[in-house]
Amino acid sequence: MTREGDVVLVHIEGKPAFFARIENIAPDPKPDWWQVKMLVLQVPLITVTWILREAYINGEEFTMGGHPMRLVKVEAPAEDASGADREAPGRSEGAQNRQGSAEQTTSNVVSLRERKLKKKP
């Protein structure tokens, strides 16, 4: 069940279109319909209010202006309890290989401050 604060992926015509966070779900004057206020997670941020049935809020397909739409609640992937498959961020095999080759070469760290002071007459 999708609730306030949940992030959803909005599909338009069967294709993922944008992410949005459900800000508010309030009853509409029309029975069995809800006013769903969403913060669209894009630049610039915008808010939209759609009037939907509960089934539509929970993932059932509907149409808007003749276009098929669907809201899919975003769930964080379950973490592996053992942590065996997890790797540290930025520590892919390629990153480890690059680091290994960098350790074998010599490098100098250049202080930009000292370099700037040397250039001044």
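Here the sequence shown stands for residues 1 to 121, numbered as in full-length UniProt numbering. Glycine residues also receive a C-beta, built at the ideal position from the N, C-alpha and C atoms.
**Item:** Extent of the continuous alpha helix (DSSP H) to which residue 54 belongs
**Value:** Where residue 54 is concerned, the enclosing alpha helix (DSSP H) stretches over 54-57.
**Request:** Tell me residue 21's beta-bridge partners as DSSP assigns them.
**Result:** In DSSP, residue 21 forms a bridge with 7 and 39.
**Request:** Have a look at residue 36 and residue 5 and give me their C-alpha separation to the nearest angstrom.
**Result:** It is roughly 11 Å from the alpha-carbon of residue 36 to the alpha-carbon of residue 5.
**Prompt:** Hey, residue 54 and residue 34 are a contact pair by Cβ (cut 8 Å); roughly how many whole angstroms apart?
**Reply:** For residue 54 against residue 34, the beta-carbon gap comes to about 6 Å, under 8 Å, which counts as contact.
**Request:** Under 7 Å Cβ to Cβ from residue 70, same chain only, skipping five residues before and after it: list those, please.
**Result:** Counting only residues of its own chain and dropping the five nearest sequence neighbours on each side, residue 70 has a CB closer than 7 Å to the CB of 11, 59 and 61.
**Message:** Going by C-alpha to C-alpha distance, which of 108, 107 and 18 sits closest to residue 48?
**Reply:** Closest by alpha carbon: 18.
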